[in-house]
Ligand code: TMP
């Protein structure tokens, strides 16, 4: 199959159907714009499982995603979309770059969800965008930005509720959106411990509670078991539905 795009954590292939792509989830892990590289054993399969479960659940709540079906432990077929080159980050609790760039302390509960846009461009280090910059760059229309913001807030509302029922706090996460051949905006890419900050509600210790890629970024150890724990709780939640 022809490779269309190789990212840091996934590879996208063209299928025989021009409207269908195949996504392969890798075990490769990177952080800090790929300055830190490694492997998380079993990550491809776990992230494929979690993304599939969450996208099916979001679909059941009326969110349109690119997912078609899971065809192997670490492969899904997806609708062919043109990715809008914006990383949409939704934050409920201050962490990561928000704390580095402002005076907010890690763990500060935000008065309302914050939606941040970043340019999807590794060479530039994914810089923070403003809606005016998006307009000037002409990467999305005003109407698309309004739609994406509303979708991101809806996904946040749904995922917060979902994860809380797994005793997990959804701190923040990143989404990507794409346009299908009809120009419809679909939720694309993945939702996994690579792309979310997830804190175990059962743990109060600020390091022990981390169940996401921050364990890899910050060399905290226990990366595989944290990802496995998220998978276990997500699957038991969807099985109980
Ligand atoms: P940040 O605090 O580094 O801006 O990250 C915010 C959220 O976005 C966090 O849950 C991790 C996720 N994220 C990605 O999925 N990909 C990225 O390249 C970056 C920088 C963050």
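In the working numbering, the protein residues as written are 1 to 241. For glycine and all other residues, C-beta sits at the position ideal for the given N, C-alpha and C. This structure is a prediction, so every number in the text was calculated from the model and none was measured.
DSSP bridge partner residues for residue 178 (one or two, in chain order): 83 and 186
C-beta contact flag for residue 129 and residue 118 at 8 Å: yes
Collapsed DSSP secondary structure at residue 19 in the structure displayed: coil
Residue closest to residue 232, alpha-carbon to alpha-carbon, out of 219, 188 and 168: 168
Close beta carbons around residue 64, own chain, < 6 Å, minus the five adjacent residues each side: 186
At least 3 beta-carbon pairs within less than 8 Å: the region 132-150 vs the region 31-46: no
Presumed contact (8 Å Cβ cut-off) between residue 235 and residue 198, rounded CB distance: Actually they do not touch by this definition, with Cβ atoms about 15 Å apart.
Exposed unless 16 or more other CB atoms sit within 10 angstroms - verdict on residue 17: exposed
beta-carbon residue 103 near the ligand TMP non-hydrogen atom, thresh 7 Å: no
Whole-angstrom distance between residue 188 and residue 230, CA atom to CA atom: 20 Å
Residue 218 beta carbon near the ligand TMP (any heavy atom closer than 7 Å): no
Cβ-based neighbour list, residue 200, same chain, cut-off 6 Å, excluding 5 preceding and 5 following: 209 and 211
Exposure label - residue 34; buried when at least 16 CB within 10 Å: exposed
Beta carbon of residue 173 nearer than 8 Å to that of residue 90: yes
Cβ-Cβ separation, residue 68 to residue 20 (assumed contact under 8 Å), whole Å: 7 Å
Endpoints, beta strand (DSSP E) assigned at residue 29: 28-31
Contact test: residue 196 Cβ vs the ligand TMP heavy atom, cutoff 7 Å: yes
Any non-hydrogen atom of the ligand TMP closer than 7 Å to residue 223 Cβ: no
Cβ-heavy atom distance, residue 97 to the ligand TMP, below 7 Å: yes
Ordered list of alpha helix (DSSP H) runs contained in the region 110-155, each at least 4 residues: 131-137
Enclosing alpha helix (DSSP H) for residue 197 [first to last residue]: Unbroken run through residue 197 is the beta strand (DSSP E), 196-200; no alpha helix (DSSP H).
Distance cut-off 7 Å: residue 162 Cβ against heavy atoms of the ligand HEM: What this structure holds is the ligand TMP, not the ligand HEM.
Burial state of residue 159, where buried means 16 or more other Cβ atoms lie within 10 Å: buried
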